[in-house]
Amino acid sequence: MSHHYLHFERVSYRYPNGYEALHDVTFHITHGEKTALVGMNGAGKSTLLLHLAGLLLPTSGEAIVGGIRLTPRTLATIRRAVGLVFQNPDNQLFMPTVEEDVAFGPANMQLTPEEIERRVTEALAAVGALHLRRQAPYHLSGGQKRSVAIATVLAMEPSVLLLDEPTSNLDPRARRQTIDLLRGFDHTMLLATHDMEMVLDLCPRTIVLHDGRIAADDATAVIFRDSALLDACGLEAPCSVRSIRKEESIE
Ligand SMILES: Nc1ncnc2c1ncn2[C@@H]1O[C@H](COP(=O)(O)OP(=O)(O)O)[C@@H](O)[C@H]1O
Ligand SMILES: [Mg+2]
Numbered sequence: 211m212s213h214h215y216l217h218f219e220r221v222s223y224r225y226p227n228g229y230e231a232l233h234d235v236t237f238h239i240t241h242g243e244k245t246a247l248v249g250m251n252g253a254g255k256s257t258l259l260l261h262l263a264g265l266l267l268p269t270s271g272e273a274i275v276g277g278i279r280l281t282p283r284t285l286a287t288i289r290r291a292v293g294l295v296f297q298n299p300d301n302q303l304f305m306p307t308v309e310e311d312v313a314f315g316p317a318n319m320q321l322t323p324e325e326i327e328r329r330v331t332e333a334l335a336a337v338g339a340l341h342l343r344r345q346a347p348y349h350l351s352g353g354q355k356r357s358v359a360i361a362t363v364l365a366m367e368p369s370v371l372l373l374d375e376p377t378s379n380l381d382p383r384a385r386r387q388t389i390d391l392l393r394g395f396d397h398t399m400l401l402a403t404h405d406m407e408m409v410l411d412l413c414p415r416t417i418v419l420h421d422g423r424i425a426a427d428d429a430t431a432v433i434f435r436d437s438a439l440l441d442a443c444g445l446e447a448p449c450s451v452r453s454i455r456k457e458e459s460i461e
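Read the sequence shown against this note's numbering and you will find it ends at 461, with the numbers running on by one and no gaps.
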């Protein structure tokens with residue numbers, strides 16, 4: 211098996227209406243890497259994550275997850291290995307209680323009741339939400355919903371975590387808690403986000419998507435110092451990097 215855990219080789223994807231959301235995208239992500247996926251709205255970030263989660267198939271090119279090529283026959287296997295946390299937790303939580311939501315995936319895997327209980331408890335404990343287990347998801351705060359949505363994915367014990375804008379719509383405290391939580395995970399992780407401070411904090415590597423193409427793929431520090439690239443892709447370096455650049459230009 212390749213040491214590249216996530217592997218896209220010249221992937222293009224056209225939505226049924228004919229819009230090409232990904233064009234000739236190639237990248238390799240190694241086991242254990244934490245990588246950021248950045249780009250303006252509409253750049254293709256969510257479309258790319260949906261491929262890696264086994265929810266879309268490339269129109270052309272190859273996507274390989276954990277050594278398994280994405281085809282109609284392997285979709286189910288890949289969905290079990292990969293956990294996708296959706297941008298909006300309301301799309302992930304639909305049961306009457308938190309614990310039923312977290313148990314939903316494991317129950318579909320025909321696990322024993324003891325194993326399901328172990329996974330629910332461990333996943334909720336991992337996100338600091340054990341005390342919420344009997345609550346109704348729709349009564350939770352935005353930050354609590356995000357934590358529980360992450361727990362529903364952890365309960366599947368995936369080997370790779372994909373997160374679509376995990377800090378969007380969170381207040382500063384919930385945002386900080388989510389970042390601290392993600393820092394503690396040792397999964398292979400791909401984070402689609404506009405939160406550049408989080409990228410700087412968590413991801414040594416950044417892939418920049420622009421109009422469905424890879425505009426850059428490099429060390430995060432290198433990407434954030436390339437103001438021409440960021441401008442061309444409609445992005446801004448985090449405040450902390452901008453202030454360092456300003457000091458350098460004054461000296
Ligand atoms: N179901 C769909 N049908 C047609 N076009 C879509 C669909 N979903 C997304 N798109 C288009 O594909 C492009 C990429 O979208 P998306 O992957 O959601 O970008 P991002 O997550 O970077 O904002 C956008 O132009 C979007 O309008
Ligand atoms: Mg998106």
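Glycine is no exception: its CB is placed at the ideal position from the N, C-alpha and C atoms. All values reported here derive from a predicted model rather than from experimental measurement.
Straight-line spacing of the CA atoms in residue 433 and residue 450 works out to 14 Å.
In the assembly as shown, residue 300 is an exposed residue. Its beta-carbon has fewer than 16 other beta-carbons within 10 Å.
Annotation: the continuous alpha helix (DSSP H) that includes residue 330 extends over 323-336.
Per DSSP, residue 285 is one residue of the alpha helix (DSSP H) stretching across 285-291. Only residues of its own chain outside the window of five on either side were considered, and among them 302, 303, 311, 312, 314, 315 and 333 have a CB closer than 8 Å to the CB of residue 362, listed in chain order. Taking residue 365 as reference, the option from 287, 294, 394 and 431 with the minimal CA-CA separation is 294. Here the alpha carbon of residue 384 sits roughly 33 Å from the alpha carbon of residue 458. Around ligand 1, the residues selected by a Cβ distance under 5 Å to any of its heavy atoms are 225, 227, 229, 231, 251, 252, 253, 254, 255, 256 and 257, following chain order.
The beta carbons of residue 232 and residue 249 sit about 11 Å from each other, so the pair does not count as a contact at 8 Å.
For residue 396, there is no enclosing beta strand (DSSP E), as DSSP gives it neither H nor E.
Relative to the non-hydrogen atoms of ligand 2, the Cβ of residue 320 never comes closer than 7 Å to any of them. Counting C-beta atoms within 10 angstroms of its own C-beta, residue 454 has fewer than 16 neighbours from the protein chains shown and is therefore classed as exposed. CA-to-CA, the gap between residue 266 and residue 286 works out to about 12 Å. Rounded to the nearest angstrom, the Cβ distance from residue 262 to residue 400 is 7 Å, consistent with a contact under 8 Å. One Cα belongs to residue 309, the other to residue 441, and the distance between them is close to 44 Å. Taking C-beta atoms under 8 Å as the contact rule, residue 382 and residue 356 fail to qualify, at a distance of about 14 Å. With the rule of 3 Cβ pairs closer than 8 Å, the region 270-282 counts as touching the region 218-234. Distance from the Cα of residue 320 is smallest, within the candidate group 447, 290, 351 and 359, for 290. Relative to ligand 2, residue 402 has its C-beta within less than 7 Å of a heavy atom.
For residue 314, the enclosing alpha helix (DSSP H) starts and ends at 308-318. At a cut-off of 7 Å, the beta-carbon of residue 302 does not count as near ligand 2: no heavy atom of the ligand is closer than that.
Per DSSP, residue 349 has no beta bridge partner at all. Using a Cβ distance threshold of 8 Å, residue 349 and residue 371 do not count as a contacting pair. The Cβ atoms of residue 339 and residue 354 sit closer than 8 Å to each other.
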